Amino acid sequence: MSPRPGPTFPDWPQFDDTERRALDRALSQGQWWRMGGSEVDSFEREFAAHHGGGHALAVTNGTHALEVALEVMGVGPGTEVIVPAFTFISSSQAAQRIGAVAVPVDVDPDTYNIDVAATAAAITPRTRVIMPVHMAGLMADLDALDKLASDAGARILQDAAHAHGARWQGRRVGELGSIAAFSFQNGKLMTAGEGGAVLFGDPDEYEKAFLRHSCGRPRTDRRYHHQVAGTNMRMNEFSAAVLRAQLSRLDSQIDVREQRWAYLSTLLAQVPGVRPQAGDPRADRNPHYMAMFRLPGWSEERRNLLVDRLVEAGVPAFAGFRAIYRTAAFWQVGAPDESVDAIAARCPHTEAISQDCVWLHHRTLLASEQALAETAAIVADAVAAG
Ligand SMILES: *Cc1c(COP(=O)(O)O)cnc(C)c1O
685 MSPRPGPTFP DWPQFDDTER RALDRALSQG QWWRMGGSEV DSFEREFAAH
735 HGGGHALAVT NGTHALEVAL EVMGVGPGTE VIVPAFTFIS SSQAAQRIGA
785 VAVPVDVDPD TYNIDVAATA AAITPRTRVI MPVHMAGLMA DLDALDKLAS
835 DAGARILQDA AHAHGARWQG RRVGELGSIA AFSFQNGKLM TAGEGGAVLF
885 GDPDEYEKAF LRHSCGRPRT DRRYHHQVAG TNMRMNEFSA AVLRAQLSRL
935 DSQIDVREQR WAYLSTLLAQ VPGVRPQAGD PRADRNPHYM AMFRLPGWSE
985 ERRNLLVDRL VEAGVPAFAG FRAIYRTAAF WQVGAPDESV DAIAARCPHT
1035 EAISQDCVWL HHRTLLASEQ ALAETAAIVA DAVAAG
């Protein structure tokens, strides 16, 4: 008996002649770094305009985007950054790498976004930044978090690695009054394999970040006047050329994913034991970086077997993030003065979600409704068997 063929999904990343022409254009410039070419400058302008304005700095990757943003915000030794405990490790690593303490807090059991009350409880006089992650593209509660931050004399840094093109109450990421960091890594919603960007509202902060990302050196310097401590995080011209092409495809892909998630999540919600990620009507444009759902009450082992079964059936499924405080990396530098057990005790939802959550690659949400109906049926069979 041959196995069922399984549903078909588009490939990711996607490209066509737009990327080919862009790469050729970058090659032909004869200058392949941003100081000689024009692709990075153009991409920065186009990316900022697309997100409602401000000033975008293109960098090497999303982790570096968070680092340089935090540095510009005055984060370093003696300061604390509040991060969700359920996220990709870069959120905390960026703060820890530059000498700060990363303080993990619990997330909401339905949206998987940073919990506002838990954030409020974690604020200390050393809190410099609160870093919401817009999980899978669903915006965190920026109204409440903005208020918390301003009351505490802290600032918001949006980890927008999942949130290209997202909106909060009609406002785009660049119109929300806080700095945002993006990733263009291979799996992200627009990609050049690697890459990142920081979106600033304040041109002075953009200039500060520019200096730091280019060895402390002013744009026009030819005499080695390195003005501030920095490093090299410059994006190259090829990446920027590809990203300009990718940006032109973002909005139409978001339209498809919004429509397909409405369809798939309705089907998944009908499967006994499955609870899809909730929405928030204020997050009125969600680019859907992942299709996430929980199996409340399931153990990590049982969830992992389910993921294996889905993969065998041809569905690109993955286990949810491990709680950041349950990685070895988290404890090497910049951990709070608390035990794992103490953090786990105040992060009950992260404890559960990190064990019972499954996510599907966003390319599933670019597939046909037929493929999604088959996907939901495969999930239902796998859950019933597990
Ligand atoms: C991907 C990601 C990053 C980091 O991006 P890289 O470009 O891979 O360095 C940061 N935060 C979150 C939540 C991510 O998913």
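So for the sequence shown, this note's numbering puts the first residue at 685; every next one is plus one. In this text, a Cβ means the ideal position worked out from N, Cα and C, and glycines have one as well. Owing to the predicted nature of the structure, the values given are computational and were not obtained by experimental measurement.
query: Residue(s) in a DSSP beta bridge with E764; result: V785 and T811
query: Given A806 as reference, the closest of T747, A706 and E1022 once Cα atoms are compared; result: E1022
query: Check: T875 C-beta below 7 Å from any heavy atom of ligand 1; result: no
query: The region 799-818 / the region 742-749 touching (three or more Cβ pairs under 8 Å); result: no
query: Cα-Cα separation, T1034 to A706; result: 42 Å
query: Through-space distance from R810 to R944, alpha-carbon basis; result: 43 Å
query: heavy atom of ligand 2 below 7 Å from D843 C-beta; result: Ligand 2 is absent from the structure shown, which contains only ligand 1.
query: Nearest-angstrom Cβ-Cβ length linking P694 and L948, presumed shorter than 8 Å; result: With a Cβ gap of about 15 Å, P694 and L948 do not count as contacting.
query: beta-carbon H846 near ligand 1 non-hydrogen atom, thresh 7 Å; result: yes
query: Neighbour flag for D792 against chain B, beta carbons, 8 Å; result: Of the chains in the structure shown, none is chain B; there is only one protein chain.
query: Environment of V789 [buried if 16+ CB atoms lie within 10 Å]; result: buried
query: G821: CB within 7 Å of a non-hydrogen atom of ligand 1; result: no
query: Contact the region 709-728 vs the region 920-930: 3+ CB pairs below 8 Å; result: yes
query: Run of the beta strand (DSSP E) containing W1043, from where it starts to where it stops; result: C1041 to H1045
query: Per DSSP, cross-strand counterpart(s) of M974; result: H1045
query: Terminal residues of the alpha helix (DSSP H) in which F731 lies; result: E723 to H734
query: For R839, the first and last residue of its enclosing alpha helix (DSSP H); result: No alpha helix (DSSP H) contains R839, which is instead part of the beta strand (DSSP E) from R839 to D843.
query: Pairwise C-alpha distance: Q911 and P902; result: 8 Å
query: CB-CB length for G1004 against I1037, believed under 8 Å; result: 6 Å
query: Element boundaries [alpha helix (DSSP H), containing F884]; result: First-last for F884: G880 to F884, but that is the beta strand (DSSP E), not the alpha helix (DSSP H).
query: Cβ neighbours of H1045 in the same chain (closer than 6 Å, five flanking residues each side left out); result: P1000
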